[in-house]
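For the protein sequence lines, the chains are U and R, in the order given. Using the working numbering, the first residue of the first sequence is number 53, and each one after it goes up by one. Using the working numbering, the first residue of the second sequence is number 140, and each one after it goes up by one.
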Amino acid sequence: MTVEPKLLRVPMYALSRMNDIEAFVCLAPEQLGRLSVDYTPREVSDLVDALQFARDNPTYDFLALQPELPFSNAQIHRYLCAVLRSVESALPR
Amino acid sequence: MINLADLPPPPTAPYPDVARMLDQYRGEERGLYFGTAVKYLNETERLAYKITVKEDGKLYDAQGQLFDTAHALSALGSVSGKAIFVMDSEGNFYASNHQPVGKFHHSSFLAGDSVAFAGELDVCAGELRELTPRSGHYRPTSAQQTQALNRLSALGVKSEFKVEWAQS
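Structure, rendered in structure tokens:
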């Protein structure tokens with residue numbers, strides 16, 4: 053499996069306007085409902101692969117993907133894990 | 140023989156103070172930034188996103204319907220209820236409620252070209268309720284925001300609305 057870490061910029065983009073990253077728990081149901089509208093099944097699959105890569109590599113330099121973010125690497129890792137849990141919960145089993 | 144001094148001055152855009160797209164996004168339409176290709180609209184496609192202000196001072200979409208941002212949303216963006224929009228150097232406005240991250244951004248409207256302003260709009264049944272300078276791609280200045288507000292005023296936008304100002 054080849055993972056494109058730059059795909060993590062997609063979920064990380066919302067961080068540029070997020071004031072409290074610690075308060076983020078999950079994506080809203082209406083957002084999850086948009087997943088299949090906004091992205092093709094292949095794109096969703098690739099995003100999940102990238103998020104799983106992030107979950108499994110907490111020391112990866114996520115901040116290098118979007119250096120202007122005012123958060124620590126650990127905070128971004130926790131956020132990406134939360135996004136992954138949200139997306140996986142919305143995928144058909 | 141031509142005396143250059145006799146020629147009329149070159150036409151200048153009505154809104155010449157423009158913001159360039161940040162360099163990091165160059166190549167995004169080929170997937171180089173997000174890993175997904177950001178849509179860049181051509182002149183014809185752009186028309187579907189044009190916003191006009193009619194005599195009643197309200198904002199209308201390209202289909203002639205009252206513009207409304209209540210359902211603006213993206214799966215992996217913010218839950219905002221706001222459309223993204225730009226103003227070009229001619230004073231034309233383009234906006235979209237559909238804004239999937241990595242596929243449609245402020246840069247989509249003018250295909251990565253400079254903008255006279257970029258931000259977000261909160262509009263209810265054509266009435267402008269809020270305007271922000273939020274654009275990760277362009278980071279417009281307060282001077283550029285002022286020219287957009289002046290343009291909206293000149294077009295006859297009547298409602299009072301909230302303004303979140305740019306930092307610089």
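Note that CB positions come from ideal geometry on N, CA and C, so glycine has one too.
Stretch pair the stretch 61-68 of chain U + the stretch 232-252 of chain R: three plus CB contacts closer than 8 Å: With the cut-off at 8 Å, the stretch 61-68 of chain U and the stretch 232-252 of chain R touch.
Let me know the secondary structure DSSP gives D108 of chain U once reduced to three states. Three-state DSSP puts D108 of chain U in a helix.
If you run the structure through DSSP and keep just helix, strand and coil, what is M160 of chain R? Coil.
For D101 of chain U and A134 of chain U, I'd like the C-alpha separation in whole angstroms. In a straight line, the C-alpha of D101 of chain U is about 14 Å away from that of A134 of chain U.
Can you name the residues of chain R whose CB is closer than 9 Å to the CB of L59 of chain U? The contacting residues are F173, G174, T175 and G241.
Could you name the residues of the same chain whose beta carbon sits closer than 7 Å to that of Q283 of chain R, not counting the 5 residues immediately before and after it, in chain order? Taking Q283 of chain R as the centre and dropping the five residues before and after it, the same chain places the C-beta of D156, A158, A255 and F256 closer than 7 Å to its C-beta, in chain order.
Classification of L186 of chain R by the beta-carbon crowding that lies within 10 angstroms, buried from 16 upward: Of the other Cβ atoms in all chains shown, fewer than 16 fall within 10 Å of the Cβ of L186 of chain R; this residue is therefore exposed.
Test item: CB-CB of F300 of chain R and R268 of chain R under 8 Å: In this structure, F300 of chain R lies near R268 of chain R, with their beta-carbon atoms less than 8 Å apart.
Identify the residues that DSSP records as bridge partners of V135 of chain U: which are they? According to DSSP, residue pairing for V135 of chain U in a beta bridge does not occur.
Name the chain U residues that come within less than 8 Å of A234 of chain R, Cβ to Cβ? The CB of A234 of chain R never comes closer than 8 Å to any CB in chain U; the least such distance is about 18 Å.
Would E95 of chain U count as contacting chain R if we go by Cβ distances under 8 Å? Yes - at least one Cβ of chain R is within 8 Å of the one on E95 of chain U.
For P63 of chain U, return the contacting residues in chain R, with the cut-off set at a CB-CB distance below 8 Å. The answer, in chain order, is L215 and V240.
What does DSSP give as the partner residue(s) for D261 of chain R in the beta ladder? DSSP output for D261 of chain R lists R:E269 as bridge partner(s).
For Y131 of chain U, go through chain R and note every residue whose CB falls closer than 7 Å to its CB, in chain order. The CB of Y131 of chain U never comes closer than 7 Å to any CB in chain R; the least such distance is about 12 Å.
Secondary structure at H237 of chain R, three-state DSSP: helix, strand or coil? If DSSP states are grouped into helix, strand and coil, H237 of chain R belongs with the strands.
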